[in-house]
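A.B. asks: Reminder that position 46 of the sequence shown reads as 46 in this note's numbering, one-by-one numbering, no gaps. Using N, Cα and C, we set each Cβ at its ideal position, and we do this for glycine too. Keep in mind it's a predicted model, so treat the numbers as computed, not measured. Just dropping this structure here.
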Amino acid sequence: MALEAYLGLHPNERFSIDRKRLQLPNYEKVIDEDHHQICLSIPRDPMNLYSDSARKIALKFNKGTTTLAFVYKGGVVVCADSRATGGQYISTQECKKIIKINDFLLGTMAGGAADCMYWQRVLSKECRLFELRNKERISVAAASKILANILYSYKGMGLSLGVMICGWDKVRGPQIFYVDNDGNRQPGKLFSVGSGSTIAYGVLDTFYRHDMNDDEAYDLGRRSIFQATHRDCGSGGTVRVYTIKFKWMEMY
1 MALEAYLGLH
11 PNERFSIDRK
21 RLQLPNYEKV
31 IDEDHHQICL
41 SIPRDPMNLY
51 SDSARKIALK
61 FNKGTTTLAF
71 VYKGGVVVCA
81 DSRATGGQYI
91 STQECKKIIK
101 INDFLLGTMA
111 GGAADCMYWQ
121 RVLSKECRLF
131 ELRNKERISV
141 AAASKILANI
151 LYSYKGMGLS
161 LGVMICGWDK
171 VRGPQIFYVD
181 NDGNRQPGKL
191 FSVGSGSTIA
201 YGVLDTFYRH
211 DMNDDEAYDL
221 GRRSIFQATH
231 RDCGSGGTVR
241 VYTIKFKWME
251 MY
């Protein structure tokens, strides 16, 4: 009550100024009730209001990775390392960055580990509900669109994720979609996401061919992640390679 009286605020109304004129010590102009809105400063970046305030927190969340996926004649290959870092600290070497959404869909993790895990669990639930309602398997395009729509509604609120939704559907065959925390969604045949993606792209762009056989595709994915771990401090640990075929999914 004393603070409200000092600032000239009504006890029962937030941000309203008393009709008495209020003189602020650091302002040359006298501000009255009709012009008090100029006292409120505009955030430096209104779309990142929440994330700007979160930057004051000293604790670094888990991030740092190299993930990749590409389509070849036999299906989809998905690869990732297993290191998670919090700032300069290596928090674990056993992080599973390839998440199974259903029997024909995989998601990758890049960005904040907690954000990626949570929202892909939400996507897994939505895919299961789709199957129960429609009595058919959800397509890769539809699954990625659901995730993009969800993330767009949280745009500017400090989420950090860039994921790939990979799978095989009966209409379009093998597909890959990249989705980020702003709700952007891009289809493609080859993606690499994460702090080591530039190194992985160097290997992929040099040796990628659509007509590779299974062994060549597995070796290319493994070699791309392996090279990234040599130059990127956020990547390391175990290289995991998954393949998605017409009727099954397996870890190589």
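Determine the closest residue to Thr92 out of Met117, Gly236, Thr243, Tyr72, with distance taken between C-alpha atoms.
C.D. replies: Cα-wise, what sits closest to Thr92 is Gly236.
A.B. asks: Under the DSSP definition of a beta bridge, which residues are partnered with Arg185?
C.D. replies: In the DSSP output, where bridge partners are listed per residue, Arg185 has Val179.
A.B. asks: Please report the distance separating the alpha-carbon of Ile176 from that of Gln186.
C.D. replies: One C-alpha to the other measures close to 9 Å.
A.B. asks: Residues in its own chain within less than 8 Å of Met117 by CB, not counting five upstream and five downstream?
C.D. replies: Answer for Met117: Ile99, Met109, listed in chain order.
A.B. asks: Beta carbon of Val77, beta carbon of Val203: below 8 Å?
C.D. replies: It is not a contact, given that the beta carbons lie outside the stated cut-off.
A.B. asks: DSSP state of Met109, grouped into three classes?
C.D. replies: Of the three classes helix, strand and coil, the one that applies to Met109 here is coil, per DSSP.
A.B. asks: What are the start and end residues of each continuous alpha helix (DSSP H) run of 4 or more residues lying completely inside the region 123 to 180, in chain order?
C.D. replies: Runs of the alpha helix (DSSP H) inside the region 123 to 180: 140 to 152.
A.B. asks: Asp81: buried (16+ other C-beta within 10 angstroms of its C-beta) or exposed?
C.D. replies: Buried, since its Cβ has 16 or more Cβ neighbours within 10 Å.
A.B. asks: Nearest by alpha-carbon distance to Gly156: which of Asp180, Gln120, Ile225, Arg231 is it?
C.D. replies: Of the listed residues, the one whose Cα sits closest to Gly156 is Asp180.
A.B. asks: Can you tell me whether DSSP reads Cys116 as helix, strand or coil?
C.D. replies: Three-state result, Cys116: helix.
A.B. asks: Compute every distance between the C-beta of Gln88 and the non-hydrogen atoms of the ligand GTP, then say whether any falls below 7 Å.
C.D. replies: The ligand GTP is absent from the structure shown, which contains no ligands of any kind.
A.B. asks: Look up Val239 in the DSSP assignment and say whether it is helix, strand or coil.
C.D. replies: Here Val239 sits in coil by DSSP.
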